[in-house]
Each structure stands twice: as C-alpha cells, then as structure tokens.
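In mature numbering (1 follows the signal peptide of the UniProt record, and there is no 0), the protein residues as written are -18 to -1, 1 to 166.
Here a beta-carbon is modelled for each residue, glycine too, at the ideal position from N, C-alpha and C.
Since the model is a prediction, treat every value here as computed from it, not as a measurement.
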Amino acid sequence: MFRVLFLGLLTVFMVGCASVPESLRTQSESPITDFMLIRDNPAIAQEQEVRLGGVIAAIHNEKRRTRIEIVSLPLTSDGRPKIDAKPQGRFVGYAEGFIEPLEYRPGRLLTVVGKVSGQEQGTVGDFDYQFPVVDISGRQLWQVKQEIRIDDFARYHDCIGTRCSFMSYGVGFTRGEVTQRVTK
C-alpha cells in the first residue's frame, strides 16, 4: 500500500515539475515544437498550432501589432529554450497590440504559441532570408539565472581521531562551479 501511495505522489510531483505555464497552453494536445519541420515543410505546418522559442533578435511595433524576430532554439518539455543548444534558424511572430521594447529587448529568451500563417521574405544583415510567420496567441519571457557554488575546503583542517594536524589548517583547495538555468 505504501509503495502505491509513494509512486502516486512521485508521479504527481514529476508531472507538476514538467508542466507548461498557463500562458503557453494550446488548444491541441500536441502542438508542433520542432522548428526544423516548420522551416523545411511550411505547407504542412500552415494553420497548425506551434510552440516555439529562442532568443529575441529584433522587435518592431507597427500601428496595430508588434513584429518579433526570434532565433529559434529547441525547447524543454515545459517550454523553456535550451540555452546551450545550437540555433536552428529564425522565425517572425506577430502579436496584437503594443509590446514594450525595453521589456522584450533583443537577447531575452521568449517562448510563443500560436498558428503558422505563412512565410515572409526578409533579410538578416545583407542575406536574403525566408522567415516562417507565427500569429502569436500566448507568450512567456524567461530569465537566465546564474548560480555559483563554491566548496571551500580550506576552511576545514585535517583532524582524524587523536591525530590532528594543525599545520595544515587553512591550506587546501577551493572548487567552484557556475551553472545557468532558465526561469520565469
């Protein structure tokens, strides 16, 4: 009985950890999340729901909508861009209304949901580029948090049983580790 209860609680906890934020929920059970599929076969993805994300490359407010150019990165199961992955290409998202360019500035991580509405010819620098276009219905900005962990072994001295070596007090090594993770 205890095992069943434990496994049930573990399953609920695991499902809760990998859930997609409310702002990124879609009507369909399995939206397209593979940018390469959209880029290589735009006709297949036409009017399909997608969940895509990456790094904001540019933002421009038009009269009634905002154009966001995004460098696509693969997503985790909960919709976060994988910051250590190789970029897959670019797409353009259009959101209704005004979006503050200071908040959605280039370099920020963004995940969007919406429907593919076609393609748009543009340029990246002087290079002609064909952008898949997504009509955005939901979006989530992410932050990159840097965590630093330092194990300072120099704070402890060697002392085992009755043989304490006070000569080595303060001598040792320090190990540091820097990790980055994406959060809301």
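Closer than 8 Å by C-beta to arginine 87: which residues in its own chain qualify, once you throw out the five before and the five after it? Chain order, please. Ile38, Ile41
Would you say the region 120 to 133 touches the region 79 to 96, given that touching needs at least three Cβ pairs under 8 Å? The answer is yes - the region 79 to 96 touches the region 120 to 133, with three or more Cβ pairs under 8 Å.
Considering only residues of the same chain and omitting the five flanking positions on each side of arginine 158, which have a CB-CB separation below 6 Å? In the sequence as presented, arginine is not what sits at residue 158; that position holds glycine. Once the five neighbours on either side are set aside, the close Cβ partners of glycine 158 are Ile132.
Using the beta-carbon count (16 or more within 10 Å), is serine 1 buried or exposed? exposed
Sheet register partners of glycine 35 (DSSP bridge): The beta-bridge partner set that DSSP reports for glycine 35 consists of Leu55, Thr93.
Valine 115 and valine 74 - do their beta-carbons sit closer together than 8 Å? yes
Drop a sphere of 10 angstroms on the beta-carbon of lysine 68, count the other beta-carbons inside from all chains shown, and report buried for 16 or more, exposed for fewer. Counting of Cβ neighbours within 10 angstroms places lysine 68 among the exposed residues, the total staying below 16.
DSSP state of arginine 163 mapped onto helix, strand, coil: Arginine 163 falls in the strand class under three-state DSSP.
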